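Residue numbers (the working numbering): 11 to 300.
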């Protein structure tokens, strides 16, 4: 597989959502934040029209959720506003972070910490951050060690930050979904769990028999994404590298590495999450029937 140095340099902020394109005219804010203000080659333009389109899309999502009684429309609006603030903050600090290896390591550690806290809360066990971190880290560590240690991804801040962010985010989502599914299944089928115990199963083995299949469904989204890439969807890494000026081949190689890396990280994270739930480490109070 070709080295990704050129592609990574062409799109150093794929994970942050800011794209650099050739022949772009960048304004004062663009120079400070790395965000395109005016372009000539058809890339995304940050201006009043983009703001209006984003607002319409956000309001559409909020209204559909509210009127369809799918949840809180306010939660959708809050999520959108948080995304704006967080990405603006990242755009302001990312240039400084990429100048230092130590700052890059600290930034990756910050992303990992936030992912562990978020996953633990999503599972309903905010005190089990360490166990959520174990599941996420178990998926992330071997992937990053392989792609960085082999030199496929250059050990430079401009490449490490986006790749680490993508892999950590995928492992976080997989951990949250697998653990939630496992807990729900154990609560809904608690009678079967007790029956398994009466047949001589150990507690952990009985729990795994009940929840493993359902929790494994957390791998359906990454599997579907990998199966249909290029046929149904063009994922973010491909689009970002392409908009950054790289060739379609470079963009495809980058996306392939991201997809396979995500699949590996998420598979390990799901396995660890299920094992931790069954062992009553992650969300220990599932023993009450729903």
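We put the beta carbon where it would ideally sit given N, CA and C, even for glycine.
This structure is a prediction, so every number in the text was calculated from the model and none was measured.
Within 10 Å of its beta-carbon, does residue 138 have 16 or more other beta-carbons around it, so buried, or fewer, so exposed? Residue mapping note: residue 138 aligns to position 128 of the chain shown, counting from 1. By the neighbour-count rule (16 or more Cβ atoms within 10 Å), residue 138 is buried.
Residues near residue 293 in its chain [Cβ-Cβ closer than 7 Å; skip 5 each side]: Translated into positions along the chain shown, residue 293 becomes position 283. 133, 134, 135, 138, 189, 193 and 287, listed in sequence order.
For my contact list, residue 247 and residue 278 are in at a C-beta cut-off of 8 Å; report their separation, rounded to the angstrom. On the chain shown, position 237 is the one that residue 247 refers to. On the chain shown, position 268 is the one that residue 278 refers to. Incorrect: roughly 20 Å between the Cβ atoms, too far for contact.
State the DSSP-derived secondary structure class of residue 157, mapped to helix, strand or coil. Walking along the chain shown from the start, residue 157 turns up at place 147. Helix at residue 157.
Out of 62, 201 and 280, which one is the CA nearest neighbour of residue 150? As a first step, residue 150 is located in the chain shown; it is residue number 140 there, counting from the start. Ranking 62, 201 and 280 by Cα distance to residue 150 puts 280 first.
Quick one: Cα of residue 255 to Cα of residue 174, how far? Translated into the one-based positions of the chain shown, residue 255 becomes position 245. Translated into the one-based positions of the chain shown, residue 174 becomes position 164. Answer to the nearest angstrom: the Cα atoms are 22 Å apart.
Could you check where the alpha helix (DSSP H) with residue 208 kicks off and where it finishes? As a position in the chain shown, residue 208 is number 198, starting the count at 1. Taken as a continuous stretch (DSSP letters only), the alpha helix (DSSP H) holding residue 208 covers 200–208.
Under three-state DSSP, which class holds residue 163? Reading the chain shown from its first residue, position 153 is the one you call residue 163. Residue state, collapsed to three classes: coil.
Find the nearest neighbour of residue 154 within the set 283, 276 and 219, judged by alpha-carbon distance. Here residue 154 refers to the residue found at position 144 when the chain shown is read from its first residue. With distances taken between Cα atoms, residue 154 lies closest to 276.
Below 6 Å CB to CB, which residues in the same chain sit around residue 184 once its five sequence neighbours on both sides are set aside? Within the chain shown, the letter at position 174 stands for residue 184. Excluding positions up to five away in sequence, the list reads 228, 276, 279 and 280.
Is residue 236 near residue 182, with beta carbons less than 8 Å apart? Residue 236 sits at position 226 when you count from the first residue of the chain shown. Residue 182 sits at position 172 when you count from the first residue of the chain shown. Not a contact, by the Cβ cut-off of 8 Å.
Buried or exposed for residue 195, going by 16 or more other Cβ atoms inside 10 Å? Along the chain shown, one-based indexing puts residue 195 at 185. Its Cβ being crowded by 16 or more others within 10 Å, residue 195 is buried.
Is the stretch 196–203 touching the stretch 165–174 in the sense that three or more CB pairs, one from each, lie closer than 8 Å? no
Nearest-angstrom Cα separation, counted from residue 259 out to residue 163: The residue labelled residue 163 in the question sits at position 153 within the chain shown. The residue labelled residue 259 in the question sits at position 249 within the chain shown. Cα-Cα distance, rounded: 16 Å.
Look up residue 95 in the DSSP assignment and say whether it is helix, strand or coil. To locate residue 95, count along the chain shown from 1; it is residue 85. In this structure, residue 95 counts as helix in the three-state DSSP scheme.
Can you tell me whether residue 167 is buried or exposed? The criterion is at least 16 other CB atoms within 10 Å of its CB, across all chains shown. Taking the chain shown and counting its residues from 1, the one referred to as residue 167 is at position 157. Buried, by the Cβ-count rule.
Residue 242 in three-state terms, based on DSSP: The sequence position of residue 242 within the chain shown is 232, counting from 1. Note: residue 242 maps to coil in three-state DSSP.
Residues near residue 75 in its chain [Cβ-Cβ closer than 8 Å; skip 5 each side]: Counted from its first residue, the chain shown places residue 75 at position 65. Excluding sequence neighbours, residue 75 sits near 81, 82, 83, 85 and 86.
Mind reading off the beta-carbon distance from residue 197 to residue 224? Whole number of angstroms is fine, and I expect it under 8 Å. One-based indexing of the chain shown puts residue 197 at position 187. One-based indexing of the chain shown puts residue 224 at position 214. 11 Å between Cβ atoms; not a contact.
What whole-angstrom Cβ distance do residue 107 and residue 117 have, given they're in contact under 8 Å? Taking the chain shown and counting its residues from 1, the one referred to as residue 107 is at position 97. Taking the chain shown and counting its residues from 1, the one referred to as residue 117 is at position 107. About 5 Å; that satisfies the 8 Å criterion.
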